[in-house]
Structures are given as C-alpha cells and as structure tokens.
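Notes to accompany the following structure.
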Amino acid sequence: MNRETIKGIMIAISKEISENRDYLVELDQVNGDGDLGISMDDGYQALVQHLEETEETDLGKIMMSCGKVFNTSAPSSLGTITSFGFMGMAKKLKGKENVTFKEGAKALFAGVENIMVKAESEVGEKTIVDSLYPAAKALLEYEGDKKGAIIHAFEVAKAGSEATRQMKAVHGRAVYSSERSIGILDGGSVVGMLIFKGIKEYYLNQED
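If you use the working numbering, the sequence shown corresponds to residues 235 to 442, in order.
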C-alpha cells in the first residue's frame, strides 16, 4: 500500500458516492438537512483531485492533508467526522511510504476509533460508526486472503448499515424525532458501507 494505492481507493470510493448521490440526499431529507449526498460527493471528488496533484509520498502526511481537504470541501457534520478518520489514520502511517495490507487495516481501524473518540459515538447509535467500526474490525481480524478479507468486510459494513433501521437516533437533528427515526436507514451508515464497497471494488480489480 502506497500513495498510488490510496489514490486508487479514493477514486473507487468517489465513484460509489457519486453514483449514490441522489439516494443519499433522499435518505438525509427524512431527518437531516438533505445535503448528505452533495457534501460527500464534493468531499471525495476534492480528495481525488488533491491526490492526483500532490507529490507527497509520506502516507501520514497524505492522510493529514486529506483530512484538511475533506473538512474544507464537505462543510457538514459528517465531513468533519470523516476528517477525524483521516487524522487518526495519519498518526498510524506517519513517516511511512509503503505499508503492508495488515498495516493498512490497522491504520483504518485507528481512523475509525478516532472518529468514535472525537465524535463521542458508539456502535448502536444510528451513525456511520455502525457500518465502519464492525467492518474495520472484521478487516483487521480476518485471516484469509486479501480479497476475501475485503469482501467479508464489505458484507459486514452492509449488515451494520442495515441494522440502523431498528435503531433510535441519538445524534444530530434526528434526535428531535428519535421515535420516528426507527425503521429508517441511516444515511451516514450508508456512506460507511459505500466506503467499503469502494475499497472492495478497487481490490477486486487488482491482479494480485
């Protein structure tokens, strides 16, 4: 995993977000501002442009800059939360230009943990954490082949997102109508699922 790997993954994630932009807007209109798909699409497109232009090879510095770019380009609560993830990964990857798949998984897990600390969120609270955390944990613990690990993590993320239908919202605007949030899929959790779908699509298209 190096700078080109990160760029390839972000391109794949951006594609998934763009294709689901309207769907994310629709989900967010139920209990949010309705701008989820727009802000996430803008954020990931800005990341791709940044990664195509940067000459930085230190993965920690790349992730730190990605956090800043995303926070600026996706001015929303989830934009800020996502930037926490990049910053958490940056600490794990500081000073490294190449890492193993396992090291990358550890960095991703550290990023999700940073989101949970900074956003004061836990699994079961109807947020992006419900798809990100179990999937990142599954990826970290999986002992099979690389592609098998990615597919497994995506399935876990998908299940985590689907589980939010039965949860009551405890964060954001949805809190004011928390009872009505039951039965509704959380848009943030769908973003988390799409992140892992993008990762999956990237690795499935690699030869090794």
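Yeah, the Cβ is synthetic: ideal placement off N, Cα and C, and Gly gets one too.
Just so you know, these numbers come straight off a predicted model, no measurement behind them.
What's the gap between the Cα of residue i and the Cα of residue j?
| i | j | result |
| --- | --- | --- |
| threonine 316 | glycine 301 | 7 Å |
| glycine 277 | aspartate 420 | 19 Å |
| arginine 237 | alanine 393 | 30 Å |
| alanine 403 | valine 357 | 12 Å |
| threonine 398 | lysine 360 | 5 Å |
| valine 259 | serine 423 | 13 Å |
| phenylalanine 318 | serine 299 | 12 Å |
| glutamate 289 | tyrosine 436 | 22 Å |
| valine 264 | aspartate 256 | 13 Å |
| serine 412 | leucine 438 | The predicted position of serine 412 is uncertain, since its pLDDT is 47 and thus under 50; no value can be drawn from it. |
| alanine 353 | serine 310 | 13 Å |
| methionine 401 | aspartate 364 | 10 Å |
| glutamine 283 | lysine 249 | 13 Å |
| isoleucine 362 | serine 395 | 8 Å |
| valine 303 | glutamine 440 | 27 Å |
| glutamate 377 | methionine 235 | 18 Å |
For my contact list, residue i and residue j are in at a C-beta cut-off of 8 Å; report their separation, rounded to the angstrom.
| i | j | result |
| --- | --- | --- |
| alanine 339 | leucine 373 | 5 Å |
| methionine 244 | leucine 270 | With a Cβ gap of about 18 Å, methionine 244 and leucine 270 do not count as contacting. |
| glutamate 331 | threonine 291 | 5 Å |
Does DSSP classify residue i as helix, strand or coil?
| i | result |
| --- | --- |
| leucine 471 | With the chain covering 235 to 442 only, the question about residue 471 has no answer from this structure. |
| methionine 401 | coil |
| serine 411 | With a pLDDT of only 48 at serine 411, under the threshold of 50, the placement of this residue in the model should not be trusted, and no figure is reported. |
| asparagine 439 | coil |
| isoleucine 385 | helix |
| valine 425 | helix |
| leucine 374 | helix |
| leucine 342 | helix |
| aspartate 379 | coil |
| threonine 209 | Shown here, the chain extends from 235 to 442; a query on residue 209 therefore has no answer. |
Measure the Cβ-Cβ separation of residue i and residue j and say whether it is below 8 Å.
| i | j | result |
| --- | --- | --- |
| alanine 344 | lysine 328 | no |
| glycine 432 | isoleucine 247 | yes |
| valine 390 | proline 368 | yes |
| isoleucine 384 | lysine 434 | yes |
| isoleucine 349 | isoleucine 296 | no |
| leucine 312 | serine 273 | yes |
| leucine 293 | valine 333 | yes |
| leucine 342 | methionine 323 | yes |
| alanine 308 | valine 346 | no |
| glycine 268 | aspartate 275 | no |
With 8 Å as the threshold, decide whether the Cβ of residue i is near any Cβ in chain B.
| i | result |
| --- | --- |
| methionine 235 | The chain labelled as chain B is not found in the depicted structure, where only one protein chain is given. |
* To do: Jot down the residue ranges of each uninterrupted alpha helix (DSSP H) in the segment 258-327, minimum 4 residues, whole runs only, in chain order.
  => 270-287, 293-307 and 311-327
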